[in-house]
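Enquirer: The sequence shown begins at 0 in numbering that gives the first Met the number 0 and counts up one residue at a time.
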Amino acid sequence: MNRYLLNISYLGTNFRGLQKTINRKNPLPLDNTTVQSALEFALQRLRAVNEIEVVPSSRTDSGVHALHSTVHVDLQRPNGKPYDQDHITALLNQSFKRDDIFIRILSTRRVPDTFHCRYSAKSRSYLYRVAIAKDFRVAEKLQSRARRLSFIPIEELNRCLFVPNPFLDIEKAKEAAKQIQGLHDFRTFMSTSRDNKRDHPFFALREIKEISISPGKPLTTQENSSRAQELYNFYDIRFLGRSFVYRQVRRIVATLLAVGEGKLTQKDVYEMLTIPSKHTWPSSSRTTKRISCSRKMSLLEKIQARRQNLRSCDTLVTFADGSQVIERASEVIPTGKSSFGFVVDTKPDPEAAEILPGWLYLGSQDAVEMKQLIKLGITHVLSVGIECPIFLPHPIENLHIACLDVPECPLSGALREAREFINDARQSGRVLVHCNAGISRSTAIIIGYLILEDGIPFTEALEMVRTKRSAAKPNPGFVKQLQELSIKILGH
Numbered sequence: 000m001n002r003y004l005l006n007i008s009y010l011g012t013n014f015r016g017l018q019k020t021i022n023r024k025n026p027l028p029l030d031n032t033t034v035q036s037a038l039e040f041a042l043q044r045l046r047a048v049n050e051i052e053v054v055p056s057s058r059t060d061s062g063v064h065a066l067h068s069t070v071h072v073d074l075q076r077p078n079g080k081p082y083d084q085d086h087i088t089a090l091l092n093q094s095f096k097r098d099d100i101f102i103r104i105l106s107t108r109r110v111p112d113t114f115h116c117r118y119s120a121k122s123r124s125y126l127y128r129v130a131i132a133k134d135f136r137v138a139e140k141l142q143s144r145a146r147r148l149s150f151i152p153i154e155e156l157n158r159c160l161f162v163p164n165p166f167l168d169i170e171k172a173k174e175a176a177k178q179i180q181g182l183h184d185f186r187t188f189m190s191t192s193r194d195n196k197r198d199h200p201f202f203a204l205r206e207i208k209e210i211s212i213s214p215g216k217p218l219t220t221q222e223n224s225s226r227a228q229e230l231y232n233f234y235d236i237r238f239l240g241r242s243f244v245y246r247q248v249r250r251i252v253a254t255l256l257a258v259g260e261g262k263l264t265q266k267d268v269y270e271m272l273t274i275p276s277k278h279t280w281p282s283s284s285r286t287t288k289r290i291s292c293s294r295k296m297s298l299l300e301k302i303q304a305r306r307q308n309l310r311s312c313d314t315l316v317t318f319a320d321g322s323q324v325i326e327r328a329s330e331v332i333p334t335g336k337s338s339f340g341f342v343v344d345t346k347p348d349p350e351a352a353e354i355l356p357g358w359l360y361l362g363s364q365d366a367v368e369m370k371q372l373i374k375l376g377i378t379h380v381l382s383v384g385i386e387c388p389i390f391l392p393h394p395i396e397n398l399h400i401a402c403l404d405v406p407e408c409p410l411s412g413a414l415r416e417a418r419e420f421i422n423d424a425r426q427s428g429r430v431l432v433h434c435n436a437g438i439s440r441s442t443a444i445i446i447g448y449l450i451l452e453d454g455i456p457f458t459e460a461l462e463m464v465r466t467k468r469s470a471a472k473p474n475p476g477f478v479k480q481l482q483e484l485s486i487k488i489l490g491h
């Protein structure tokens with residue numbers, strides 16, 4: 000197993016954040032709309048033998064971009080040798096470009112197993128760009144939803160916060176930034192994830208080493224730049240620190256702008272920092288209520304109360320090599336047992352099932368054996384997701400279609416290629432459709448073909464295939480896509 004550090008950049012507009020979301024009731028990934036899940040999906044193309052899990056150095060919210068961020072991932076190559084670093088970079092970038100995913104790998108570097116992307120990070124920096132309207136005419140247009148877009152340069156959409164207040168005092172915002180800079184309990188400035196229903200944390204002690212507000216400039220073409228500078232004053236708000244709590248940066252920016260607009264005072268900011276609470280937001284009219292809420296129970300009393308409600312438990316941990324340990328409090332106890340979370344079937348499966356009489360066959364990669372192909376009179380071999388394991392002579396046509404056996408892998412492109420290839424075989428010969436095990440991918444392709452070409456509904460097509468090959472079982476994501484295809488094409 001080798002560990003790799005990936006330097007990445009991405010545009011967060013189309014992502015729901017960096018960290019993937021897992022439904023507790025359904026352990027399968029919900030979708031491919033987070034940066035982490037997109038990276039893990041693309042890394043499947045390397046065909047590593049281990050389960051791929053990307054570990055980010057930090058988390059970003061929905062719509063946040065990254066100029067330079069890092070993740071690490073452990074990869075075990077089938078032959079045991081390390082992957083070429085440049086090959087990983089090129090393969091991932093090619094995959095993202097093909098799928099129109101706005102992630103780019105800047106570089107890949109092999110690192111020691113002791114390196115951890117999150118815990119080894121020394122600092123993190125954030126840039127928040129703000130554009131403040133210079134006069135009321137522009138401010139009025141920004142406040143109108145119907146007209147605001149015509150006053151925002153197209154290049155700056157989802158790249159900058161436009162503030163419709165020409166009287167915002169940036170010097171007051173800078174003074175507030177000096178107050179917030181340093182070591183504080185930032186509970187007031189954090190948010191709780193919608194998926195995380197636990198109580199607000201007891202404390203959120205963080206140190207912001209620097210908050211700077213400096214003049215910025217529009218990131219536009221030369222044609223739009225002069226107009227943008229006529230209408231707005233651009234500012235760059237930069238944050239530097241080792242770690243930040245959830246949505247801390249955007250809440251601090253909102254506070255700084257509120258101070259600049261006169262909606263908050265420096266006294267309000269002082270109370271937010273010295274009397275931290277989720278109730279301390281956003282006006283000074285709630286000062287008395289904030290104090291009473293934050294002093295109902297001391298921090299020590301809260302911790303003691305929580306500890307009394309906790310039960311001790313044991314955690315059974317299974318490592319990649321199959322070894323198991325029991326984690327109990329601060330103890331790690333080896334069990335001496337070995338177990339894997341999957342069943343390995345090494346028994347050959349050379350038989351090919353005849354799905355449609357005389358020409359359409361389904362099997363595993365073991366069925367792609369010369370004697371078997373000659374016996375069945377196969378003229379075409381369609382390899383789904385796995386390269387044909389043997390050299391096929393010229394008379395036998397072969398097509399390889401890239402397809403991963405994961406629920407989120409789209410079937411539409413694979414079905415287009417497969418349909419044309421299978422139709423050629425239908426007119427002039429016999430075709431064997433296979434994947435690795437002849438269970439999920441190749442089954443899905445054949446069912447999709449039966450829906451598109453023969454007008455057989457999904458349920459009937461699945462039953463037809465299973466009567467000929469009982470092991471046939473497309474993964475849940477493929478089933479959903481095929482059901483939707485059947486409804487779209489056949490109405491049921």
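Here a beta-carbon is modelled for each residue, glycine too, at the ideal position from N, C-alpha and C.
Fair warning: this is a prediction, and the values are worked out from it, not measured in the lab.
State the DSSP-derived secondary structure class of Leu255, mapped to helix, strand or coil.
Expert: Correct three-state label for Leu255: helix.
Enquirer: Measure the beta-carbon distance from His433 to Ser363 and round it to whole angstroms, keeping in mind my assumption that it falls under 8 angstroms.
Expert: 6 angstroms between Cβ atoms; contact.
Enquirer: I'd like to know if Lys262 contacts chain C, where contact means its C-beta is closer than 7 angstroms to some C-beta of that chain.
Expert: No chain C is part of this structure, which consists of one protein chain only.
Enquirer: Spell out a yes or no on whether the stretch 404-415 and the stretch 357-377 are touching, meaning 3 or more CB-CB pairs, one atom from each, closer than 8 angstroms.
Expert: The stretch 404-415 vs the stretch 357-377: no contact.
Enquirer: How about the stretch 32-49 and the stretch 80-92: do they share at least three Cβ pairs that are nearer than 8 angstroms?
Expert: A contact exists between the stretch 32-49 and the stretch 80-92.
Enquirer: Please report the straight-line C-alpha distance between Pro333 and Asp313, rounded to a whole angstrom.
Expert: Going from the Cα of Pro333 to the Cα of Asp313 covers about 12 angstroms.
Enquirer: Helix, strand or coil, according to DSSP, for Asp99 in the structure here?
Expert: It is coil, neither helix nor strand.
Enquirer: Is it buried or exposed for Val258, if we count other Cβ within 10 angstroms and need 16 for buried?
Expert: By the neighbour-count rule (16 or more Cβ atoms within 10 Å), Val258 is buried.
Enquirer: Kindly list the residues whose CB is nearer than 7 angstroms to the CB of Glu300, restricted to its own chain and excluding five residues on each side of it in sequence; keep chain order.
Expert: Low confidence applies here, because Glu300 scores a pLDDT of 45, under 50, leaving its location unreliable; read the following figure in that light. Answer for Glu300: no residue qualifies.
Enquirer: Please list the terminal residues of the continuous alpha helix (DSSP H) segment that includes Ser441.
Expert: Its alpha helix (DSSP H) spans residues Arg440 to Asp453.
Enquirer: With distances taken Cα to Cα, identify the nearest neighbour of Asn474 among Gln426, Gly437, Asp404 and Glu419.
Expert: Among Gln426, Gly437, Asp404 and Glu419, the Cα nearest to that of Asn474 belongs to Asp404.
Enquirer: Can you tell me the Cα-Cα spacing of Gly428 and Pro111, whole angstroms?
Expert: Rounded to the nearest angstrom, the two C-alpha atoms are 53 angstroms apart.
Enquirer: Among the candidates Tyr9, Tyr3 and Lys96, whose CA atom is the shortest distance from the CA of Arg76?
Expert: Ranking Tyr9, Tyr3 and Lys96 by Cα distance to Arg76 puts Tyr3 first.
Enquirer: Counting Cβ pairs, one atom from each stretch, are 3 or more of them under 8 angstroms apart for the stretch 80-87 and the stretch 49-60?
Expert: Too few Cβ pairs lie closer than 8 angstroms, so no.
Enquirer: Taking 8 angstroms as the cut-off, does the stretch 234-244 touch the stretch 203-212 (at least 3 CB pairs, one atom from each stretch)?
Expert: With the cut-off at 8 angstroms, the stretch 203-212 and the stretch 234-244 touch.
Enquirer: Work out the CA separation of Arg97 and Thr113 for me, nearest whole Å.
Expert: Computed Cα separation, rounded: 34 angstroms.
Enquirer: Measuring alpha carbon to alpha carbon, tell me which residue in Leu160, Cys116 and Pro165 is nearest Asp134.
Expert: The shortest C-alpha separation from Asp134 is found at Pro165.
Enquirer: Let me know the alpha helix (DSSP H) ranges lying completely inside the stretch 28-79, each 4 residues or longer, listed in chain order.
Expert: The stretch 28-79 contains these whole alpha helix (DSSP H) runs: 34-42.
Enquirer: Identify the residues that DSSP records as bridge partners of Val367: which are they?
Expert: Paired residues: none, contrary to the question.
Enquirer: Give every residue of the same chain whose Cβ lies closer than 6 angstroms to the Cβ of Ala436, excluding the five residues on either side of it in the sequence, and list them in chain order.
Expert: So the list reads Ser363, once near-sequence residues are dropped.
Enquirer: Buried or exposed: Ala352, going by 16 or more other Cβ atoms within 10 Å of its Cβ?
Expert: Flag for Ala352 reads buried.
Enquirer: Looking at Asn6 and Leu105, is the spacing between their C-beta atoms short of 7 angstroms?
Expert: Yes, Cβ-Cβ distance for Leu105 and Asn6 is below 7 angstroms.
Enquirer: Please list the terminal residues of the continuous alpha helix (DSSP H) segment that includes Tyr493.
Expert: With the chain covering 0 to 491 only, the question about residue 493 has no answer from this structure.
Enquirer: Grab the span of the alpha helix (DSSP H) containing Ala413 for me, first residue to last.
Expert: Residues Ser411 to Ser427.
Enquirer: Of all the options Phe188, Leu414 and Gln221, which has the alpha carbon lying nearest to the alpha carbon of Ala253?
Expert: The shortest Cα separation from Ala253 among Phe188, Leu414 and Gln221 belongs to Phe188.
Enquirer: Starting from Ile131, trace the beta strand (DSSP E) in both directions and tell me its first and last residue.
Expert: Where Ile131 is concerned, the enclosing beta strand (DSSP E) stretches over Arg123 to Ala132.
Enquirer: Please classify Ser441 as buried or exposed, where buried requires at least 16 neighbouring CB atoms within 10 angstroms.
Expert: Burial call: buried.
Enquirer: Using only CA atoms, which one of Asn422, Arg128, Asp267 and Ser122 lies nearest to Glu206?
Expert: Nearest option by C-alpha distance: Ser122.
Enquirer: Check whether the stretch 415-429 and the stretch 376-384 touch, using three or more Cβ-Cβ pairs below 8 angstroms as the test.
Expert: Verdict: yes, contact present.
Enquirer: What does a CB cutoff of less than 8 angstroms around Gly181 pick up in its chain, not counting 5 residues either side in sequence?
Expert: Result list for Gly181: Glu206 and Ile207, in chain order.
Enquirer: Considering just the uninterrupted stretch of the beta strand (DSSP E) at Ser382, what are its terminal residues?
Expert: Element bounds for Ser382: His379 to Val383.
Enquirer: What are the start and end residues of the alpha helix (DSSP H) that includes Val478?
Expert: Its alpha helix (DSSP H) spans residues Pro475 to Leu489.
Enquirer: Could you name the residues of the same chain whose beta carbon sits closer than 8 angstroms to that of Asn31, not counting the 5 residues immediately before and after it, in chain order?
Expert: Cβ within range, chain order: Ala37, Phe40 and Glu407.
Enquirer: Closer than 8 angstroms by C-beta to Ile450: which residues in its own chain qualify, once you throw out the five before and the five after it? Chain order, please.
Expert: Answer for Ile450: Pro456, Phe457, Ala460, Leu481, Leu484, Ser485, Ile488 and Leu489, listed in chain order.
Enquirer: Return the CA-CA distance between Arg128 and Phe243, expressed in angstroms with no decimal places.
Expert: Rounded to whole angstroms, Arg128 to Phe243 spans 18 angstroms at the Cα level.
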